[in-house]
Amino acid sequence: MKAAFSTLFSLVFAVTVSAKCGQPPSSSAAAVASSTSSSLVPAVTNVASASGYVQIASGSASFTSYTGCGSPACGKTANGFTVAVSQLTFGSEPGLGAGDVCGRCFAITATTDPYSPSYTGPFNTIVVKATDMCPSSGNGEWCGQSQSNPLNEHGAQVHFDLCQDTGAAGAFFPSGHGALTGSFEEVSCAEWSGSDGSDLWNGACLSGESAGLWPGTTGCGNKGTPL
Numbered sequence: 178m179k180a181a182f183s184t185l186f187s188l189v190f191a192v193t194v195s196a197k198c199g200q201p202p203s204s205s206a207a208a209v210a211s212s213t214s215s216s217l218v219p220a221v222t223n224v225a226s227a228s229g230y231v232q233i234a235s236g237s238a239s240f241t242s243y244t245g246c247g248s249p250a251c252g253k254t255a256n257g258f259t260v261a262v263s264q265l266t267f268g269s270e271p272g273l274g275a276g277d278v279c280g281r282c283f284a285i286t287a288t289t290d291p292y293s294p295s296y297t298g299p300f301n302t303i304v305v306k307a308t309d310m311c312p313s314s315g316n317g318e319w320c321g322q323s324q325s326n327p328l329n330e331h332g333a334q335v336h337f338d339l340c341q342d343t344g345a346a347g348a349f350f351p352s353g354h355g356a357l358t359g360s361f362e363e364v365s366c367a368e369w370s371g372s373d374g375s376d377l378w379n380g381a382c383l384s385g386e387s388a389g390l391w392p393g394t395t396g397c398g399n400k401g402t403p404l
């Protein structure tokens, strides 16, 4: 896996950041998480979707956690480690339902605590399934990637907000380190331990789990207009 960070931060206290993600169709998206930092904006390549969503097989990532994962934007819950993914990679807009990330699985690895850069680990790698969206609105620090500014404030192409309710956050974050950066790689969902739940509404989709890896494959498909 490749990590590509644009900047490290000098802040030396540990903080836990939680972004509220995941809304069913027609719901508004709420969020928390704010801080100040700077970003560098290189070009992003290997975009899977001609629609403009940035859907890549591997790259740089940032990680936080959230709770209240019972109504994920993909419309279907899962038993196993799950995450919400930043809107530009999710492949939909709040209220429009599942995007093409839904059901895809990723190996995520942390390497740095941006708030405590002297911390050297141990860090963890786990495999997660994408079931939810981290919307850009209200989550600019972590999930504010756009076509014109494809990195978030922590230099990450994709943000993963790990569900506390499914145990993903507990398995991934070292004690006292709730906001991390690192890398991700899409993997076969055969590497994920868990099972899918039932549909929560019409249009629910986790078809990414059987679509083949990005780029060039379509599972649930994309909706709406990217940022």
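Start counting the sequence shown at 178; every next residue gets the next number (our numbering). Note that CB positions come from ideal geometry on N, CA and C, so glycine has one too. Values in this document were obtained by computation on a predicted structure and should not be read as measured data.
In whole angstroms, what separates the C-alpha of residue i from that of residue j?
i, j, result
"Gly398", "Asp342", "27 Å"
"Pro327", "Gln334", "6 Å"
"Gly396", "Ser239", "24 Å"
"Gly125", "Leu273", "The question about residue 125 has no answer here: the residues shown for the chain are numbered 178 through 404."
"Asn379", "Thr302", "34 Å"
"Ser370", "Ser248", "20 Å"
"Ala345", "Phe258", "5 Å"
"Met310", "Asp338", "9 Å"
"Phe350", "Pro294", "15 Å"
"Ala250", "Asn329", "21 Å"
"Tyr243", "Val260", "9 Å"
"Ser228", "Thr297", "39 Å"
"Ser235", "Val305", "14 Å"
"Thr308", "Ser325", "26 Å"
"Gly268", "Ala356", "24 Å"
"Asn316", "His336", "10 Å"
"Thr288", "Cys340", "19 Å"
For residue i, count the other beta carbons within 10 Å of its own beta carbon; 16 or more makes it buried, fewer makes it exposed. Which is it?
i, result
"Glu368", "exposed"
"Gly347", "exposed"
"Asn256", "exposed"
"Pro136", "An answer regarding residue 136 cannot be provided, because it is not within the stretch 178 to 404 covered by the chain."
"Ser375", "exposed"
"Pro299", "exposed"
"Gly389", "exposed"
"Thr241", "buried"
"Ser313", "buried"
"Ser365", "exposed"
"Tyr263", "Looking at the sequence itself, residue 263 is Ser, so the reference to Tyr does not match. That one is buried."
"Ser237", "buried"
"Gly245", "exposed"
"Ser203", "With a pLDDT of 38 at Ser203, under the threshold of 50, the modelled position of this residue cannot be trusted; read the value that follows with caution. Ser203 should be labelled exposed."
For residue i, which option in the options has the closest C-alpha, if you only look at C-alpha atoms?
i, options, result
"Gln232", "Ser323, Ala346, His354, Ala356", "Ser323"
"Pro271", "Ser387, Cys320, Phe349", "Cys320"
"Leu265", "Gly385, Lys306, Tyr230", "Tyr230"
"Pro403", "Leu383, Asp277, Cys246, Thr254", "Asp277"
"Ser360", "Asp290, Ser384, Ser352, Gly385", "Asp290"
"Glu363", "Leu357, Cys282, His331", "Cys282"
"Thr286", "Thr358, Glu386, Ser372", "Thr358"
"Glu386", "Thr288, Cys279, Gly317, Glu318", "Cys279"
"Tyr292", "Asp373, Gly252, Gly353", "Gly353"
"Leu383", "His336, Thr394, Lys253", "Lys253"
So who's on the other strand from residue i, going by DSSP bridges?
i, result
"Leu339", "Ser242, Val260"
"Glu363", "Phe283"
"Thr358", "Ser239, Thr289"
"Ser372", "Asn256"
Say the cut is 6 Å; is the CB of residue i nearer than that to a heavy atom of the ligand NAP?
i, result
"Leu404", "As presented, the structure is devoid of all ligands, the ligand NAP included, so that no description of it is given."
Could you confirm whether any beta carbon from chain C is found closer than 7 Å to the beta carbon of residue i?
i, result
"Val260", "Absent from the structure is chain C; it holds one protein chain and no more."
task: Taking only runs that begin and end inside the segment 285-328, name each unbroken beta strand (DSSP E) of 3 or more residues, in chain order.
output: 302-311
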